[in-house]
Amino acid sequence: MRLTVAQALVRFLANQWSERDGVEHRLIAGVFGIFGHGNVAGIGQALAERGAGLGDALPYYLARNEQAMVHTAVGYARALDRMSTFACTTSIGPGATNLVTGAALATINRIPVLLLPGDVFATRVANPVLQELEDPRSYDVTVNDALRPVSRFFDRINRPEQLPSALLAAMRVLTDPAETGAVTLALPQDVQAEAYDWPEELFARRVWHVARPVPEPAALERALTLLKDSRRPLIVAGGGVIYSGASSDLADFAERYGVPVAETQAGKGSLRHDHPWNAGAIGHTGTAAANKLAREADLVIGIGTRYSDFTTASRTLFGRARFLNVNVAAFDAAKHAGTMLVADAREALRALRPDGWRASWTFEKPAYVVPSGFTQAAVLDAVNDAAGEDGVVVNAAGSMPGDLHRQWRAAGPHSYHVEYGYSCMGYEIAGGLGVKLAAPEREVFVLVGDGSYLMMAQEIATAVQEAVKLVIVLVDNGGFASIGGLSEAVGARRLGTSYRLRGPSGGLDGEPLPVDLAANAASLGADVLRAGDRDDLVAALAKARESARTTVVYVRPEPGPGTEASAWWDVPVAEVADNPEARDARTHYEQAKRDQRLYL
Numbered sequence: 001m002r003l004t005v006a007q008a009l010v011r012f013l014a015n016q017w018s019e020r021d022g023v024e025h026r027l028i029a030g031v032f033g034i035f036g037h038g039n040v041a042g043i044g045q046a047l048a049e050r051g052a053g054l055g056d057a058l059p060y061y062l063a064r065n066e067q068a069m070v071h072t073a074v075g076y077a078r079a080l081d082r083m084s085t086f087a088c089t090t091s092i093g094p095g096a097t098n099l100v101t102g103a104a105l106a107t108i109n110r111i112p113v114l115l116l117p118g119d120v121f122a123t124r125v126a127n128p129v130l131q132e133l134e135d136p137r138s139y140d141v142t143v144n145d146a147l148r149p150v151s152r153f154f155d156r157i158n159r160p161e162q163l164p165s166a167l168l169a170a171m172r173v174l175t176d177p178a179e180t181g182a183v184t185l186a187l188p189q190d191v192q193a194e195a196y197d198w199p200e201e202l203f204a205r206r207v208w209h210v211a212r213p214v215p216e217p218a219a220l221e222r223a224l225t226l227l228k229d230s231r232r233p234l235i236v237a238g239g240g241v242i243y244s245g246a247s248s249d250l251a252d253f254a255e256r257y258g259v260p261v262a263e264t265q266a267g268k269g270s271l272r273h274d275h276p277w278n279a280g281a282i283g284h285t286g287t288a289a290a291n292k293l294a295r296e297a298d299l300v301i302g303i304g305t306r307y308s309d310f311t312t313a314s315r316t317l318f319g320r321a322r323f324l325n326v327n328v329a330a331f332d333a334a335k336h337a338g339t340m341l342v343a344d345a346r347e348a349l350r351a352l353r354p355d356g357w358r359a360s361w362t363f364e365k366p367a368y369v370v371p372s373g374f375t376q377a378a379v380l381d382a383v384n385d386a387a388g389e390d391g392v393v394v395n396a397a398g399s400m401p402g403d404l405h406r407q408w409r410a411a412g413p414h415s416y417h418v419e420y421g422y423s424c425m426g427y428e429i430a431g432g433l434g435v436k437l438a439a440p441e442r443e444v445f446v447l448v449g450d451g452s453y454l455m456m457a458q459e460i461a462t463a464v465q466e467a468v469k470l471v472i473v474l475v476d477n478g479g480f481a482s483i484g485g486l487s488e489a490v491g492a493r494r495l496g497t498s499y500r501l502r503g504p505s506g507g508l509d510g511e512p513l514p515v516d517l518a519a520n521a522a523s524l525g526a527d528v529l530r531a532g533d534r535d536d537l538v539a540a541l542a543k544a545r546e547s548a549r550t551t552v553v554y555v556r557p558e559p560g561p562g563t564e565a566s567a568w569w570d571v572p573v574a575e576v577a578d579n580p581e582a583r584d585a586r587t588h589y590e591q592a593k594r595d596q597r598l599y600l
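Residue numbers (the UniProt record's numbering): 1 to 600.
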């Protein structure tokens with residue numbers, strides 16, 4: 001079958017499927033792309049020839065920013081338990097390098113996404129081409145090499161003959177629950193347009209089985225011995241519980257053996273918020289109740305977590321507890337010198353059945369306290385009420401993830417979608433678009449601060465273009481609220497954290513910046529509602545929920561503290577400083593460091 005490299009690529013992707021537990025999913029749901037000279041004549045032509053967007057098996061979507069389209073693919077893949085994702089194509093140069101942040105986010109969060117950046121001429125006949133980086137050390141280096149360290153698999157297709165093996169390797173990584181992340185196939189623009197005679201077998205329907213690794217018997221025996229020796233075990237549920245579909249098994253284990261469950265950001269929703277053994281959020285953004293259990297636990301059973309510094313409170317939280325780590329990835333299972341149980345979360349929970357044993361905890365679930373006033377915490381509470389049982393909250397960065405982690409009453413798996421592996425400002429709207437594409441039947445509530453909004457708001461136009469309805473709650477704090485508080489805490493005096501005009505002193509301490517973010521959202525095609533108090537907000541959220549159009553609800557909450565952190569976070573403080581705030585902060589920092597330890 002004689003096709004160009006790009007035509008062969010598109011035809012191949014349209015015939016790839018994933019399968020787990022007998023259920024099949026289209027592996028590549030479509031292609032997000034922004035075209036330039038590096039991909040328009042190759043992948044662009046191939047997609048146009050197949051009628052992309054007109055009911056084709058590989059539909060095309062126009063995004064506004066290359067980083068944003070990776071975020072959308074990540075949101076989509078996470079909402080579908082990593083069983084399906086999108087491909088993202090760019091031109092060479094700035095289009096390709098815009099992918100780097102999104103790729104890092106995908107890989108850190110263990111989420112599959114396929115990146116197809118254009119590249120310079122493999123033949124080098126026209127070099128240097130427009131937007132080419134010339135490296136005097138080697139003609140083999142291009143800007144796409146910046147994607148190598150943030151990709152789980154990277155290859156450059158310099159000859160048509162290289163495409164089949166690269167495609168098969170790419171699909172393997174996308175469907176490997178332990179090794180998945182960003183997969184990059186760099187495509188020189190001349191090679192994209194080159195024709196080749198392909199074997200028809202390349203384009204046959206191919207189903208990739210997503211494995212559920214079962215515990216190795218000897219490892220299972222070690223884990224059971226460790227479990228039976230404990231009296232106060234605590235489960236730390238990470239994203240792997242949700243991706244595995246193990247929530248009901250987790251609930252059964254917790255109830256049967258009396259083991260409380262604390263949740264990471266990625267694992268929130270593993271149990272319903274009102275489950276009697278759900279201890280709530282853990283770590284620096286955790287609740288006092290869950291962190292008290294963590295300090296008293298003699299065994300930490302990490303299930304599908306990578307133990308970020310927020311989860312461990314920078315290694316100050318778990319006292320002298322031992323670790324039993326259940327994870328599909330040996331890399332994560334080995335952390336903190338833990339006993340490793342390399343297995344799928346669901347399979348491990350079904351295998352961990354100690355006879356005649358039960359934990360000896362006394363655990364009383366704390367009551368939820370409704371925030372008062374019109375602070376940010378009260379705004380989140382109102383959104384939580386509006387979301388109800390079928391809503392999904394999407395957030396990523398700033399002060400809101402901490403409040404959400406402690407406060408949000410998750411209705412179950414996939415109701416809570418906070419990207420906190422990379423905590424990437426600008427993820428929110430683009431990621432919310434991906435969630436809604438994956439679950440069109442659910443109401444998606446995107447919570448975004450003014451700082452994140454100003455970094456990446458343009459995918460509102462994409463949502464409007466595709467008639468994908470989002471409810472976007474735009475919280476205007478007049479700057480970077482989270483970093484403002486941190487800046488003050490470490491003696492940096494909130495430098496650069498407020499949106500203000502440059503004042504008479506020469507600093508950014510003048511009048512508030514005269515920017516109307518609500519008007520900006522309207523200019524991108526969204527309906528806009530302004531809410532001045534809680535009653536206004538409740539009414540606006542009800543109206544937005546009933547609407548069929550993307551709606552932005554704009555609020556300016558009252559200044560005030562959010563929900564309080566109950567565990568430390570290691571942010572180094574200047575060892576010497578002129579200002580007394582920094583010196584005091586250093587004293588407190590050194591005191592906190594005394595509780596930090598290696599888990600050996």
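Ideal placement from N, C-alpha and C gives every residue a C-beta, glycine not left out.
Worksheet item: Exposed or buried, what is Arg156 when buried is set at 16 or more other beta-carbons lying within 10 Å of its beta-carbon?
Response: buried
So within the segment 299 to 381, which uninterrupted alpha helix (DSSP H) runs reach at least 4 residues, ignoring any that extend past its ends? 330 to 333 and 345 to 351
**Prompt:** Taking the C-alpha atoms as reference points, what is the distance between Pro514 and Asp450?
**Reply:** Approximately 13 Å between the Cα atoms of the pair.
Helix, strand or coil, according to DSSP, for Pro504 in the structure here?
coil
If you draw a straight line from the C-alpha of Val464 to the C-alpha of Tyr427, how long is it? 17 Å
ask   = Can you tell me the Cα-Cα spacing of Ala106 and Ser505, whole angstroms?
value = 43 Å
On the DSSP bridge assignment, give the partners of Thr89 in chain order. Per DSSP, Gly33 and Leu116.
Review point. Asn127: buried (16+ other C-beta within 10 angstroms of its C-beta) or exposed?
Key: exposed
Using the rule of at least 16 other Cβ atoms within 10 Å of the residue's Cβ for burial, across every protein chain shown, is Thr550 buried or exposed? Thr550 should be labelled buried.
ask   = For the beta strand (DSSP E) that Ile472 lies in, which residues bound it at each end?
value = Val471 to Val475
Report task. Give the C-beta separation of Gly181 and Gly238 to the nearest angstrom, bearing in mind that I take them to be a contact with Cβ-Cβ under 8 Å. Result -> Not a contact, Cβ separation roughly 16 Å.
Discussion item. On the CB-based measure, 16 or more other CB atoms within 10 Å of its CB, does Ser523 come out buried or exposed?
Written reply: Counting Cβ neighbours within 10 Å, Ser523 comes out exposed, since fewer than 16 surround it.
Determine, using beta carbons only, whether Val471 and Val444 come nearer to each other than 8 Å.
yes
Task: For Gly269, the three-state DSSP class (helix, strand or coil) - done: coil
- For Ile429, which option in Leu349, Asp584 and Lys469 has the closest C-alpha, if you only look at C-alpha atoms? Lys469
Q: Find the nearest neighbour of Arg358 within the set Arg232, Val552 and Asp536, judged by alpha-carbon distance.
A: Arg232
Is the segment 170 to 186 touching the segment 106 to 123 in the sense that three or more CB pairs, one from each, lie closer than 8 Å? yes
Verify whether the separation of the beta carbon atoms of Thr85 and Gly118 is less than 8 Å.
no
Check: Contact check, Thr175 vs Leu27 under 8 Å by CB: the rounded distance?
Finding: 7 Å
Measuring straight from C-alpha to C-alpha, what distance separates Val392 and Arg583? Take the alpha-carbon of Val392 and the one of Arg583: they are about 43 Å apart.
To the nearest angstrom, how far is the alpha carbon of Gly75 from that of Val446?
12 Å
Original post:
Between the C-alpha atoms of Pro354 and Ala8, what's the straight-line distance to the nearest angstrom?
Top reply: 53 Å
> What are the start and end residues of the beta strand (DSSP E) that includes Ile235?
Replying inline: Pro233 to Ala237
**Prompt:** By Cβ distance below 6 Å, which residues in the same chain neighbour Ala574 in space, the five residues on each side in sequence not counted?
**Reply:** Ala582
Quick check on Ile28: does DSSP put it in helix, strand or coil?
strand
Just to confirm, are Leu495 and Ser482 a CB contact at a threshold of 8 Å?
no
Taking contact to mean 3 or more Cβ pairs, one atom from each stretch, closer than 8 Å, check whether the segment 532 to 543 and the segment 375 to 389 are in contact.
yes
What do you reckon, is the C-beta of Thr97 under 7 Å from a heavy atom of the ligand MG? Because no ligand of any kind appears in the structure shown, any question about the ligand MG cannot be addressed here.
- Query: Can you tell me whether DSSP reads Arg534 as helix, strand or coil?
  - Reply: It is helical.
Item checked: Three-state secondary structure (DSSP) of Thr175 -> If DSSP states are grouped into helix, strand and coil, Thr175 belongs with coil.
Exercise. With C-beta atoms as the reference, is Tyr420 less than 8 Å away from Pro401?
Worked result: In contact: Tyr420 and Pro401 (Cβ atoms closer than 8 Å).
TODO: Could I get the ranges of all uninterrupted alpha helix (DSSP H) runs contained in the segment 195 to 251, with 4 residues as the minimum, in chain order?
DONE: Restricting attention to alpha helix (DSSP H) runs no shorter than 4 residues, the segment 195 to 251 encloses them at 217 to 228 and 239 to 243, ordered along the chain.
- Query: Quick one: is Glu24 buried, meaning 16 or more other Cβ sit within 10 Å of its Cβ, or exposed?
  - Reply: exposed
Determine the DSSP secondary structure at Leu58, reduced to helix, strand or coil. coil
- request: Entirely within the segment 391 to 466 and at least 3 residues each: give me those beta strand (DSSP E) ranges in chain order.
  value: 392 to 395, 416 to 418 and 444 to 449
Distance check for Arg306 and Asp332, CA to CA, integer angstroms please. If I take the Cα positions, the gap works out to 5 Å.
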